[in-house]
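Down below is the structure, laid out as C-alpha cells.
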Amino acid sequence: MRNVWIVGRRELAAYFTSPLAYVFIVIFLALAGGLTFFFGAWLERGQADLQVFFVYHPYLYLFLIPAVGMRLWAEERKTGTIEFLLTLPVTTSQIVIGKFLAAWLFAGIALTLTFPMWLTVNFLGNPDNGIIAASYIGSWLMAGGFLALSACVSALTKNQVIAFVLASALCFVFMMSGVEIIQSFFRAWTPQTFVEAVAQLSFLTNFTEIAQGVIDLRDLVFFLSVIGIALFVNVAIVEAKKGV
Amino acid sequence: MTTLLDIRELTKRYGPITAVDNISFSVDQGEVLGFIGPNGSGKSTTMKIATGFLAPTAGTVAVAGHDVTREPLEIKRRIGYLPEGAPLYGDMTPMSLLNFVCDVRELSAADKKRGIEYAVEKLHIGNVLYQPIETLSKGYKRRVGLAQAIVHDPELLILDEPTDGLDPNQKHEVRQLLTEMSGKKVVIISTHILEEVEAVCSRAIVIAKGKLVADQDPLSLQARSRLHNAVGIRLPADQAGACSDLLRGLSGIGSVEVTTQVGAMVEMLALANAGGEILTTVRAAIDGKGIRVDEIFVERGRLEDVFRDLTCAAEGLKGPTTTARESVDA
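Chains as they are written, first to last, in my numbering: chain A, 6 to 249; chain F, -8 to 321.
Structure representation (C-alpha cells):
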C-alpha cells in the first residue's frame, strides 16, 4: 500500500509538472460547461438539476480519458524508464495500481472543479442534491472504467497516439455495447444470452442508472469489476511486454 | 570472501534468437567485474536478468542467496542499477528523483539524507538538483543516473555502460568512484571501452554471441595477446635493417615487425615465440652488436587485440588477428 502511494504520488506530480494537466482541465471544464449551456439549454430548461450536465460526460470521457491514460505506460516504454521503475523494489501490481489511482485521482480533480455548476444550480433553485452527488460518483466511476481500459491499451504500445486511438475505440465499444448498432452486430452470430450479457457491459446504461439518483449495488459492482479486471490484464500485459 | 552474485547456466531466448547462451559465473565481495563484448552480444540482457527486469528462459540468478525469480524484491533491494542509456523521468528534478528512489527503497530519514548527500557530492550534481532532468546535458543525466544507483548504498552495483557520454575528466571521476566503492561491494560494469577494464576492474568477462568466451583478470587477459612480452625498440632508421636482421636470427623470437616509421625514427616489435620472456636476450644481442637504440620497452599485450580475437572467433567473422603491420624484409 505504501509503495502504491509512492508510485501514485510521483505519477500525479508528473501530470502537474507537464502542461497536460492544465490543458486537460481547461478543455474539460470548457467543454463540460459549453455543452451544458448551449446544447443542453440548461438555463432555458428552467429546471434546477444537473441532468443535462451529466448526460454529456460519457461522450466527453470518450476522448478525454484516453488522453489522460495514454501516457501511463507507452511513455515509460518509449523512454526506457520502465526498466528503471521495474528494477526498483516494487511489484508490478503496485505500480499498475499506483499509476491507475494517480490518473483516477487526477480525473477526480478535474471533475471536482466543475463545482461552480453545482453552486449555480443551488443558487437558482432547490435541486435534489442527492441525485447530483450520485451523478458525480457515477461519473467518476465511469471515468475510472475508461481509465483502466486506457491504461491497459497504453501498456500494449510505445506509441502514445496509437494508445490514444485504440483506447478511444475500446471505450466506445464498452460505452455503446447497449445500443442497437453493437447489439445487432452480436445478435447475428451469438446466442441471445451473450447479447444480453454484452448489453449489461454498457457504460452508458450503468451510468444512466446511477445518474438517475439510484446507486444500485449492481452498477457499483459493474464499474469496480471493469476496473479490477482491466488492471489485472494490465499487469499481465506489462509483464509480458517488458522485454520487447 | 563470500559469493554475492551467482549465475548458473543462464539462457535467454527471444523466439528463435538466443541472446544469452548458457552463461555461468559467480562474483565475490570486493570484486569489480568488467563485462565486455561487442554490441548485441548479450551483456545488457544478462544485466537485465540479474536485476530482475527480465525473466530467464533457463538457469538461475541468485543474489546473496536469494533467487531472482522467486524473491525478486529481495534482490532488487540489494541492487543499484543503471540501465543502458540511463533512462530517467525527464519531468522530475534530480532531487525529486532521488527522493522518490529513497522512498521506494524505504530508507529512514537519516539514511536518506546521508545517501543523497553522498551521491550528490560524489557525482557533482549539486548545482543542477532543482532543474528538470530533461534540460540537463548528457553528462549530467548520466551522473544523475549513477546517483540514483548508489543512493541506498547497495551491496551490488550493476552499471550498464556507466561512462558512456561522459568527457574524459568525468570518466576519470566515475572510475575513481567505482574503485572507491568497490571495497565491500560487488560492482559490475559493462563497457566497450577497454581501457576502463584495465583501469578499474579486478576481473573481466568477455561475452560474444551470448556465450562466455573468457573470464580472467585483465592482466591475464592481456597476456593472451600475441603481443604479450613482445619487445619494442625505437631507433634511428639507419640502424633498423641491421637490428631486425640481428633479432630475426635470435632463438626465441618469432617475428619482427615495424610498427611505425616517422621521419628518421623507426619503431619495431620483436614478437616472442609462444609469449615467452625475451627482453634479456634482445638486450644482450643489441649491446653485443653495438646498435644504437633510443628506447626498449616490453609490451604487456593489447586488450583490444585479445577482444577482437575472442569475439571475432565466436561471431564467426574472419577477424584479422591484429591491426595491419608490415614485416621488415630487409
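By construction, the Cβ of each residue, glycine as well, lies at the ideal position given by its N, Cα and C atoms. Keep in mind it's a predicted model, so treat the numbers as computed, not measured.
Looking at the secondary structure, which residues open and close the alpha helix (DSSP H) in which residue i lies?
{"i": "L150/F", "result": "Per DSSP, L150/F belongs to no alpha helix (DSSP H); it is in the beta strand (DSSP E), L147 to D151."}
{"i": "M86/F", "result": "P85 to V95"}
{"i": "G130/F", "result": "K129 to I141"}
{"i": "F26/F", "result": "Careful: F26/F lies outside any alpha helix (DSSP H), inside the beta strand (DSSP E) at V23 to I27."}
{"i": "L106/A", "result": "T97 to T117"}
{"i": "S15/F", "result": "No alpha helix (DSSP H) contains S15/F, which is instead part of the beta strand (DSSP E) from I8 to D19."}
{"i": "A148/A", "result": "N134 to S159"}
{"i": "Q56/A", "result": "Q56 to F59"}
{"i": "R68/F", "result": "P63 to R69"}
{"i": "Y66/A", "result": "H62 to G74"}
{"i": "G223/F", "result": "Premise fails: G223/F lies in the beta strand (DSSP E), V222 to P227, not in any alpha helix (DSSP H)."}
{"i": "V184/A", "result": "Careful: V184/A lies outside any alpha helix (DSSP H) and carries neither H nor E."}
Please identify the residue among the options whose C-alpha is closest to the C-alpha of residue i.
{"i": "L(-4)/F", "options": "F44/F, V188/F and I179/F", "result": "I179/F"}
{"i": "V142/F", "options": "N90/F, P159/F and A190/F", "result": "N90/F"}
{"i": "W123/A", "options": "I186/A, Y64/A, A37/A and T92/A", "result": "A37/A"}
{"i": "N8/A", "options": "F177/A, G103/A, R223/A and L65/A", "result": "G103/A"}
{"i": "K34/F", "options": "T9/F, G21/F, A53/F and D19/F", "result": "T9/F"}
{"i": "E152/F", "options": "D144/F, K162/F, T2/F and P145/F", "result": "K162/F"}
{"i": "V200/A", "options": "Q165/A, L171/A and E185/A", "result": "E185/A"}
{"i": "L25/A", "options": "V126/A, V73/A, Y141/A and M180/A", "result": "V73/A"}
{"i": "V18/F", "options": "L226/F, S173/F and V111/F", "result": "S173/F"}
{"i": "R225/F", "options": "G31/F, I277/F, L218/F and S32/F", "result": "I277/F"}
{"i": "V191/F", "options": "A304/F, T250/F, T170/F and R239/F", "result": "T170/F"}
{"i": "F228/A", "options": "W145/A, W194/A, L118/A and S173/A", "result": "W145/A"}
{"i": "L212/F", "options": "T250/F, I287/F, L294/F and M256/F", "result": "L294/F"}
{"i": "M259/F", "options": "T272/F, G281/F, A275/F and F288/F", "result": "F288/F"}
{"i": "M38/F", "options": "T250/F, E22/F, I(-2)/F and Q20/F", "result": "I(-2)/F"}
{"i": "A214/F", "options": "E125/F, E290/F and P7/F", "result": "E290/F"}
{"i": "F42/A", "options": "V166/A, I32/A, M147/A and L55/A", "result": "L55/A"}
{"i": "F298/F", "options": "G6/F, S216/F and E268/F", "result": "S216/F"}
{"i": "G150/A", "options": "W47/A, L116/A, S230/A and H62/A", "result": "S230/A"}
{"i": "F33/A", "options": "A138/A, L67/A, M75/A and G248/A", "result": "L67/A"}
{"i": "N264/F", "options": "L137/F, L127/F and H219/F", "result": "H219/F"}
{"i": "S306/A", "options": "R76/A, P132/A and D133/A", "result": "Residue 306/A lies beyond the stretch modelled for chain A, which goes from 6 to 249, so this question has no answer here."}
{"i": "W95/A", "options": "E125/F, P63/F and A55/F", "result": "Trp is not the amino acid found at residue 95/A; the sequence shown has Val there. For the residues E125/F, P63/F and A55/F, the minimum Cα distance to V95/A belongs to P63/F."}
{"i": "C176/A", "options": "M6/A, P121/A, I232/A and S189/A", "result": "I232/A"}
{"i": "L137/F", "options": "V253/F, A55/F, G292/F and L157/F", "result": "L157/F"}
Among the residues of its own chain, which have a CB less than 6 Å from the CB of residue i, if the five just before and after it don't count?
{"i": "V203/A", "result": "S182 and F191"}
{"i": "S98/A", "result": "V240"}
{"i": "T313/F", "result": "Legend: pLDDT at T313/F = 43, less than 50; position of this residue unreliable, no value from coordinates given."}
{"i": "L106/A", "result": "G13"}
{"i": "S140/A", "result": "F59 and A216"}
{"i": "A235/A", "result": "A153, L154 and C157"}
{"i": "T251/F", "result": "E258"}
{"i": "R194/F", "result": "E22, L24 and D208"}
Enumerate in chain order the residues of its own chain whose CB-to-CB distance from residue i is below 8 Å, with the five nearest sequence positions on each side excluded.
{"i": "P29/F", "result": "H183, A199, T302 and E306"}
{"i": "I196/F", "result": "F16, L24, G25, F26, I27, L203, A205 and D206"}
{"i": "P227/F", "result": "A255, M256, V257, R283 and D285"}
{"i": "R316/F", "result": "For R316/F, the predicted model reports a pLDDT of 40, less than 50, meaning its position is unreliable and no value from the coordinates is stated."}
{"i": "V273/F", "result": "V222, I224, L238, L241, I244, A261 and I287"}
{"i": "L48/A", "result": "F42"}
For my contact list, residue i and residue j are in at a C-beta cut-off of 8 Å; report their separation, rounded to the angstrom.
{"i": "G135/A", "j": "G218/A", "result": "6 Å"}
{"i": "L262/F", "j": "S246/F", "result": "5 Å"}
{"i": "V188/F", "j": "P209/F", "result": "5 Å"}
{"i": "G50/F", "j": "L1/F", "result": "4 Å"}
{"i": "I11/A", "j": "V95/F", "result": "5 Å"}
{"i": "L110/A", "j": "I30/A", "result": "Going by Cβ atoms, the distance from L110/A to I30/A rounds to 13 Å, so no, they are not a contact pair."}
{"i": "V165/F", "j": "E22/F", "result": "V165/F to E22/F, Cβ: 18 Å. No contact."}
{"i": "D82/F", "j": "A19/A", "result": "5 Å"}
Which residues in the same chain have their Cβ closer than 7 Å to the Cβ of residue i, if we skip the five residues on either side of it in sequence?
{"i": "I139/F", "result": "It is Gln, not Ile, that sits at residue 139/F in the sequence shown. Closer than 7 Å at Cβ, skipping near neighbours: L88, L89 and V92."}
{"i": "L168/F", "result": "K113"}
{"i": "R82/A", "result": "K163"}
{"i": "A321/F", "result": "In this predicted model, A321/F has a pLDDT of only 31, less than 50, meaning its place in the structure is not dependable enough to derive any value."}
{"i": "E268/F", "result": "N220"}
Would you mind reading off the limits of the beta strand (DSSP E) that contains residue i?
{"i": "I180/F", "result": "V177 to T182"}
{"i": "G50/F", "result": "A49 to V54"}
{"i": "M6/A", "result": "First-last for M6/A: undefined, no H or E at that position."}
{"i": "Y5/F", "result": "T(-6) to Y5"}
{"i": "K202/F", "result": "K202 to Q207"}
{"i": "S246/F", "result": "I244 to V253"}
{"i": "A261/F", "result": "M256 to A263"}
Legend entry - Interface positions of the stretch 91 to 104 of chain F facing chain A (Cβ-Cβ less than 9 Å), listed along the chain: The residues in question are F91, V92, D94, V95, R96 and E97.
Inset, instruction - Return the residues of the stretch 32 to 60 of chain A that lie within a Cβ-Cβ distance of less than 9 Å from chain F, sorted by chain order. - result: Taking 9 Å as the cut-off between beta carbons, none of the residues of the stretch 32 to 60 of chain A comes near chain F.
Inset, instruction - For the stretch 26 to 50 of chain F, enumerate the residues whose C-beta is nearer than 9 Å to any C-beta of chain A, in chain order. - result: T36, K39, T42, G43, F44, L45 and A46
Inset, instruction - Pull out every residue of the stretch 124 to 148 of chain F whose Cβ sits closer than 7 Å to any Cβ of chain A, in chain order. - result: none
Inset, instruction - Select from the stretch 94 to 116 of chain A all residues with a C-beta closer than 9 Å to any C-beta belonging to chain F, and list them in chain order. - result: P94, V95 and T96
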